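To get UniProt numbering, take the position in the sequence shown, counting from 1, and add 15.
Built from N, CA and C at the ideal position, the CB exists for glycine as well.
This one's a predicted model, so the numbers in the text were calculated from it and none came from an experiment.
Read through the structure below, which is laid out as structure tokens, and then see the notes.
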Amino acid sequence: VSTSSAHPPFIDRNASSALVRAYRGERGESTPVWFMRQAGRSLPEYRELRMGTDMLDACLNPAMASEITLQPVRRHGVDAAIFFSDIVIPVRLAGVDVRIVPGRGPVLENPVRSAADVAALPPLDPDALAPIREAVGLTVDALGATPLIGFAGAPYTLASYLVEGGPSKEQMLTRAMMHSDPDAWAALLSWCAEITGAFLAAQIEAGASAGQLFDSWAGSLSLADYTAHVAPFSQRAIAPARALGVPLVHFGIGTGELLAAMHGIGVDVMGVDWRLPLDEASRRLGDAVPLQGNVDPALLAAPWPVLEAHVRDVLARGKAAPAHVLNLGHGVPPTTDPDVLTRLVEFVHTHA
Ligand code: CP3
């Protein structure tokens, strides 16, 4: 993976917002904050709106997806919206039978296990992304000065759902295919890079100010496997978005050992989970990369003084990096009291 390609010039989209400035490495008076999975089940207004609508149908209804995206911005005053969608939306839009089972995650009718299965994967018609473009357009109009973050799943994480047929703990079949049939693996990851790259670029073309690539399950990989069999495809997935000139964030769970390699695909900011202290993460990146993270989601359920002490520690360690965007180390748990998130945003904004 080449790490040397110069970044295209950043475009001027919400360039003066605290979020975009931090993503570009500038430190402001206070630390910007948003939460992964801020749109979703922790909010009663979300549960009410979603009632009776299937998850992926909700994502493909532009008015509903836009409204859900805006809900946490109104309620918590976070510094960014993240587009309400899902990493398997481009898979569905390509015509593959995938559903989201509540409490479980994405499930495929026919898992992709052989070279023939891979060869049968249909291309994604760019016109199929129309509801995504429409939802993003509605959202950025309503957001005004608050930036919208677009996102996509990285090819490895996406492929793991396709091969396993559903969520899995260690992606055993996926990692077996990587080594047993390298040609099928490369074809599968190319397909994933193509569709997920188009999904991310569509959001940015339609007005998103930044993008985040989720390689949630990359932490199951050795550095050698990540570098040889995954990173080149992640690099391809972000290429169309990168050419559009918005800052890009890359995030995975349990990926402390992969941090530099994940940064090396050509992103601007690294997201860090709760396992690795931010000062150590920054050290591993030569203290040269803006960081996002990494409040332990478990502590959202702790008494306020416990959470506050933890957040103070995260903010202090985040000072090691050129800039810091406060976030959780993974998504908001569905049982979180939304008032805790609102209080947390206020605390971060008033803490020097
Ligand atoms: O606020 C946000 O972060 C925006 C929306 C968002 C969703 N999914 C909505 C969603 C984002 C960024 C995602 C990404 C996503 N989806 C990832 C990467 C991030 C991560 O969590 O690691 C992954 C691995 C998926 C796949 C997926 N989709 C899972 C594992 C689940 C959970 C299943 C469950 O019910 O526990 C989903 C469903 C999903 N995606 C929900 C939401 C709000 C819950 C659906 C519901 O409300 O019933």
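6 Å CB neighbourhood of residue i in its chain, flanking five on each side removed
i	result
residue 252	170, 208, 211 and 212
residue 70	115
residue 164	95, 97, 225 and 227
residue 123	113 and 180
residue 28	224
residue 104	74
residue 146	75 and 77
Straight-line gap, residue i to residue j (C-alpha atoms, nearest Å)
i	j	result
residue 40	residue 34	10 Å
residue 143	residue 42	39 Å
residue 354	residue 50	14 Å
residue 334	residue 363	14 Å
residue 232	residue 246	13 Å
residue 75	residue 83	12 Å
residue 299	residue 37	19 Å
residue 356	residue 329	16 Å
residue 319	residue 148	40 Å
residue 308	residue 195	36 Å
residue 174	residue 131	15 Å
residue 280	residue 238	13 Å
residue 79	residue 285	30 Å
residue 244	residue 358	42 Å
residue 89	residue 140	34 Å
residue 117	residue 193	29 Å
Cβ neighbour criterion (16 or more within 10 Å) applied to residue i
i	result
residue 365	exposed
residue 159	exposed
residue 221	buried
residue 187	exposed
residue 19	Interpretation of residue 19 is limited by its pLDDT of 44, a score under 50 that renders its predicted location unreliable; the figure taken from the coordinates is listed afterwards. Under this definition residue 19 is an exposed residue.
residue 106	buried
residue 44	exposed
residue 327	exposed
residue 26	exposed
residue 32	buried
9 Å Cβ cutoff met for residue i and residue j
i	j	result
residue 166	residue 250	no
residue 282	residue 263	yes
residue 290	residue 226	no
residue 129	residue 190	no
residue 306	residue 47	no
residue 134	residue 202	yes
residue 256	residue 204	no
residue 176	residue 121	yes
residue 271	residue 296	yes
residue 312	residue 346	yes
residue 87	residue 153	no
residue 367	residue 337	no
residue 351	residue 322	no
Same chain only: Cβ atoms within 8 Å of residue i, ignoring 5 sequence neighbours per side
i	result
residue 157	81 and 85
residue 4	Outside the displayed span of the chain (16 to 367) sits residue 4, for which this structure offers no information.
residue 62	56
residue 229	102, 166, 167, 168, 169, 172, 266 and 267
residue 273	233, 234, 236, 238, 241 and 267
residue 68	76 and 79
Residue i: CB within 8 Å of a non-hydrogen atom of the ligand CP3
i	result
residue 54	yes
residue 121	yes
residue 118	yes
residue 91	no
residue 289	no
residue 168	yes
residue 219	no
residue 172	yes
residue 182	yes
residue 214	no
residue 67	no
residue 345	yes
residue 231	yes
Any chain D beta carbon closer than 9 Å to residue i
i	result
residue 121	Here there is only one protein chain, and chain D is not present.
Close beta carbons around residue i, own chain, < 7 Å, minus the five adjacent residues each side
i	result
residue 92	360
residue 24	260
residue 17	Its pLDDT being 45, under 50, residue 17 is placed unreliably by the model, and nothing is read from it.
residue 125	112
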